[in-house]
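In this note's numbering, the protein residues as written are 22 to 569.
Beta carbons are placed, not taken as given, at the ideal position from N, Cα and C, and that holds for glycine.
None of the values given here were measured: they were computed from a predicted structure.
Data first, discussion second: the structure below is written as structure tokens.
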Amino acid sequence: MGYDFGIMLSTVNNLSTSDHASVISITFFVTLLCGCIVIGHLLEDNRWMNESITTLVIGLCTGVVILLISGGTSSRLLVFSEDLFFIYLLPPIIFNAGFQVKKKQFFRNFMTIMMFGALGTLISFTIISLGAIAIFQKMDIGLGMGDYLAIGAIFAATDSVCTLQVLNQDETPLLYSLVFGEGVVNDATSVVLFNAVQNFDLSHISGIEALNLIGNFFYLFITSTILGVAVGLLSAYVIKKLYFGRHSTDREVAVMMLMAYVSYMLAELFYLSGILTVFFCGIVMSHYTWHNVTENSRVTTKHTFATLSFLAEVFIFLYVGMDALDIEKWNAVSDSPKTSVSVSATLLGLTLVGRAAFVFPLSFLSNLTKKSPSEKIGFKQQITIWWAGLMRGAVSMALAYNQFTRDGHTQVRGNAILITSTITVVLFSTVVFGLMTKPMVKFLMPPSKPISRSISSQQSFTLPLLIQDSITDLFVGNGQTSEGGQTIARPSSLRMLLTRPTHTVHYYWRKFDDAFMRPVFGGRGFVPFVPASPIDRSIHDLHEDSNY
Numbered sequence: 022m023g024y025d026f027g028i029m030l031s032t033v034n035n036l037s038t039s040d041h042a043s044v045i046s047i048t049f050f051v052t053l054l055c056g057c058i059v060i061g062h063l064l065e066d067n068r069w070m071n072e073s074i075t076t077l078v079i080g081l082c083t084g085v086v087i088l089l090i091s092g093g094t095s096s097r098l099l100v101f102s103e104d105l106f107f108i109y110l111l112p113p114i115i116f117n118a119g120f121q122v123k124k125k126q127f128f129r130n131f132m133t134i135m136m137f138g139a140l141g142t143l144i145s146f147t148i149i150s151l152g153a154i155a156i157f158q159k160m161d162i163g164l165g166m167g168d169y170l171a172i173g174a175i176f177a178a179t180d181s182v183c184t185l186q187v188l189n190q191d192e193t194p195l196l197y198s199l200v201f202g203e204g205v206v207n208d209a210t211s212v213v214l215f216n217a218v219q220n221f222d223l224s225h226i227s228g229i230e231a232l233n234l235i236g237n238f239f240y241l242f243i244t245s246t247i248l249g250v251a252v253g254l255l256s257a258y259v260i261k262k263l264y265f266g267r268h269s270t271d272r273e274v275a276v277m278m279l280m281a282y283v284s285y286m287l288a289e290l291f292y293l294s295g296i297l298t299v300f301f302c303g304i305v306m307s308h309y310t311w312h313n314v315t316e317n318s319r320v321t322t323k324h325t326f327a328t329l330s331f332l333a334e335v336f337i338f339l340y341v342g343m344d345a346l347d348i349e350k351w352n353a354v355s356d357s358p359k360t361s362v363s364v365s366a367t368l369l370g371l372t373l374v375g376r377a378a379f380v381f382p383l384s385f386l387s388n389l390t391k392k393s394p395s396e397k398i399g400f401k402q403q404i405t406i407w408w409a410g411l412m413r414g415a416v417s418m419a420l421a422y423n424q425f426t427r428d429g430h431t432q433v434r435g436n437a438i439l440i441t442s443t444i445t446v447v448l449f450s451t452v453v454f455g456l457m458t459k460p461m462v463k464f465l466m467p468p469s470k471p472i473s474r475s476i477s478s479q480q481s482f483t484l485p486l487l488i489q490d491s492i493t494d495l496f497v498g499n500g501q502t503s504e505g506g507q508t509i510a511r512p513s514s515l516r517m518l519l520t521r522p523t524h525t526v527h528y529y530w531r532k533f534d535d536a537f538m539r540p541v542f543g544g545r546g547f548v549p550f551v552p553a554s555p556i557d558r559s560i561h562d563l564h565e566d567s568n569y
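Put into structure tokens, the structure is as follows:
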């Protein structure tokens with residue numbers, strides 16, 4: 022009995038030690054997150070640096086310090102987990118992207134975005150996969166056909182965060198919309214391709230199997246989108262009918278956050294694309310659900326979603342920087358440094374070629390369908406779009422870990438080479454290309470003279486019919502130069518612009534939305550206002566007065 026008690030006591034001590042070590046690691050990591058936010062704020066106006074690069078560099082420096090302290094045994098505080106990334110960190114980032122997107126600009130350029138994000142990613146995937154097969158087989162790395170296809174999906178995933186931090190969606194709405202929309206659809210397409218390749222029977226490759234792969238891809242794409250829209254509409258209907266704000270704003274905020282997360286988890290449960298699902302759920306919830314809650318809840322949810330997304334992005338870049346120096350992976354490739362460098366250079370070159378192979382041809386095709394010069398993608402904009410997709414980030418890292426490691430560890434030489442090469446490409450593209458992004462974008466797309474601040478600040482008061490869309494929509498052609506560099510004739514008056522709108526897809530959608538969707542699911546102007554507090558009443562009265 023004493024022996025059993027001794028074993029139990031020893032186990033408890035080990036668990037206590039392990040728990041204490043975890044507390045130390047988490048405390049240190051949270052402190053680093055705070056430091057990254059502060060330093061990023063101080064470097065906000067720096068010509069070269071941006072927040073993602075700053076966080077990545079801090080992660081690298083921290084990894085070096087931990088490596089020295091541990092005597093060269095470890096460089097990280099936490100072990101990388103694909104579940105941590107895909108289940109906890111990615112959903113708030115993608116949902117906030119859909120929740121904050123300017124819907125009018127996004128859907129006005131929807132076909133072009135889908136061309137770049139879906140078709141373009143397929144082209145990039147094909148080129149990278151074929152290039153990897155042709156070159157890596159000669160190097161005798163020891164990879165299978167499934168690994169080569171996975172490499173295509175891994176490096177087709179872009180990370181346009183650095184470029185989006187530089188672009189101004191009010192000055193260049195078309196360019197921002199294309200880069201932003203393509204980035205989200207690209208991530209979703211890459212993950213769907215990766216999952217499709219995982220389930221692809223490579224032992225019996227045939228035309229029918231290839232068609233099945235393509236059919237599976239479109240099935241995942243469409244069903245994931247439908248699921249996201251359905252969950253978003255369900256949340257809008259529930260909150261509109263029950264109106265939690267009458268009793269507690271906390272409940273309606275909680276319902277919005279949980280329904281957003283449920284959409285992602287349902288997609289994962291049914292083996293769909295959680296990225297697409299939660300993105301379109303965010304768009305629908307911002308269009309309907311957000312207008313069904315109280316004023317306090319609107320402010321709370323908007324800032325909560327943005328804050329969670331921001332913290333997740335900082336967490337990811339910080340961890341990627343720390344994990345880049347993991348000694349286990351570099352020891353596995355220490356006997357063949359030339360091979361590792363060659364693989365990294367090859368992958369970087371394939372990403373450059375794969376990106377260019379679809380940006381310029383698809384831009385040309387898109388321009389053929391546009392009549393207005395302001396809607397066409399100029400050559401400088403094409404270069405910016407190409408550049409925005411050269412950087413690789415957390416999605417590539419997570420997919421590479423999923424394919425080439427087991428529980429964050431690898432001892433197989435070929436797998437270790439691919440992991441270290443992925444880390445090298447991510448670091449090089451993010452730091453080097455990221456440092457050049459801000460001056461390059463400002464050189465290609467110099468900021469125009471700001472429109473009168475008095476007009477801009479009163480946008481929500483004097484132009485309520487435009488639904489807070491970019492003020493440049495009014496002034497493109499109003500004696501100003503459009504994004505494409507062409508000048509359009511000045512409209513005769515603002516009244517004519519508001520009373521005689523162009524009959525676009527957006528126009529017909531608004532008619533359908535007002536007639537059928539909003540009466541059922543709520544939205545702007547279709548929900549009776551019931552103030553939850555005196556503050557709500559005063560804010561609402563202020564908004565009502567401003568519309569007259």
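### Task
With a threshold of 16 other CB atoms inside 10 Å of the CB of Q219, please say whether the residue is buried or exposed.
exposed
### Task
Could you work out which residue in A178, L439 and V85 is closest to Y340 when comparing CA atoms only?
V85
### Query
Along the chain, where does the alpha helix (DSSP H) that runs through A409 open and close?
Secondary structure note for A409: its alpha helix (DSSP H) is the uninterrupted segment F400 to A409.
### Task
State buried or exposed for H312, treating a residue as buried only when at least 16 other CB atoms are found within 10 Å of its CB.
Around the beta carbon of H312, a 10 Å sphere encloses 16 or more other beta carbons of the protein chains shown; the residue is thus reported as buried.
### Task
Counting only runs of 4+ residues fully inside the segment 177-252, write out the alpha helix (DSSP H) ranges in chain order.
182-187 and 194-219
### Query
Is the distance from the Cβ of T184 to the Cβ of G138 below 8 Å?
At a Cβ-Cβ threshold of 8 Å, T184 and G138 do not count as neighbours.
### Message
According to DSSP, simplified to helix, strand and coil, what is S269?
### Response
coil
#### Entry: Segment limits, alpha helix (DSSP H) that includes A139
It is not in any alpha helix (DSSP H) - A139 carries neither H nor E in the DSSP assignment.
### Query
To the nearest angstrom, how far is it from the Cα of L448 to the Cα of L346?
11 Å
### Task
Could you tell me which of P112, K123, N67 and L89 sits nearest to S307, measuring between CA atoms?
K123
### Message
I believe K359 touches I440 by the beta-carbon criterion, under 8 Å. Please report the beta-carbon distance rounded to the nearest angstrom.
### Response
Their Cβ separation, rounded to whole angstroms, is 17 Å, which puts K359 and I440 out of contact at 8 Å.
### Task
Thinking S102 and F338 are a contact (beta carbons under 8 Å), I'd like their distance in whole angstroms, please.
The pair is not a contact, with the Cβ atoms about 16 Å apart (cut-off 8 Å).
### Query
C55: buried (16+ other C-beta within 10 angstroms of its C-beta) or exposed?
exposed
### Query
If we ignore side chains and look at the alpha-carbon of each, how far apart do T493 and S91 end up?
Confidence in T493 is poor, its pLDDT being 40 and thus under 50, which makes the residue's placement unreliable; the coordinate value appears in the next sentence. C-alpha separation (whole angstroms): 55 Å.
### Query
Alpha carbon to alpha carbon, how far is I47 from L110?
16 Å
### Task
Hey, could you find the ends of the alpha helix (DSSP H) F106 is sitting in?
Here F106 belongs to no alpha helix (DSSP H), and DSSP marks it neither H nor E.
### Message
By the three-class DSSP mapping on this structure, what secondary structure does S442 have?
### Response
In this structure, S442 counts as helix in the three-state DSSP scheme.
### Query
Using DSSP with H/G/I as helix, E/B as strand and the rest coil, what is F131?
helix
### Task
Please list, in chain order, all residues of the same chain as T270 whose beta carbon is under 6 Å from its beta carbon, the five residues on each side excluded.
T315, N317, S318 and A553
### Query
Got a sec? Which residues, its chain only, sit under 7 Å from V374 by beta carbon, not counting five neighbours each side?
I148
### Query
From M461 to V187, what does the alpha carbon distance come to, in whole angstroms?
The C-alpha of V187 is placed about 10 Å away from the C-alpha of M461.
#### Entry: Close Cβ partners of I79 (< 8 Å) along its chain, the five nearest in sequence each way excluded
L53, G56, C57, I60, L339 and G342
### Query
Does the separation of the CB atoms of T451 and G410 fall below 8 Å?
no
### Query
CA-CA distance, W408 and T142?
15 Å
### Message
Taking its Cβ as the centre, do 16 or more other Cβ atoms sit within 10 Å of M132, making it buried, or is it exposed?
### Response
exposed
### Query
What is the DSSP secondary structure of R413, reduced to helix, strand or coil?
coil
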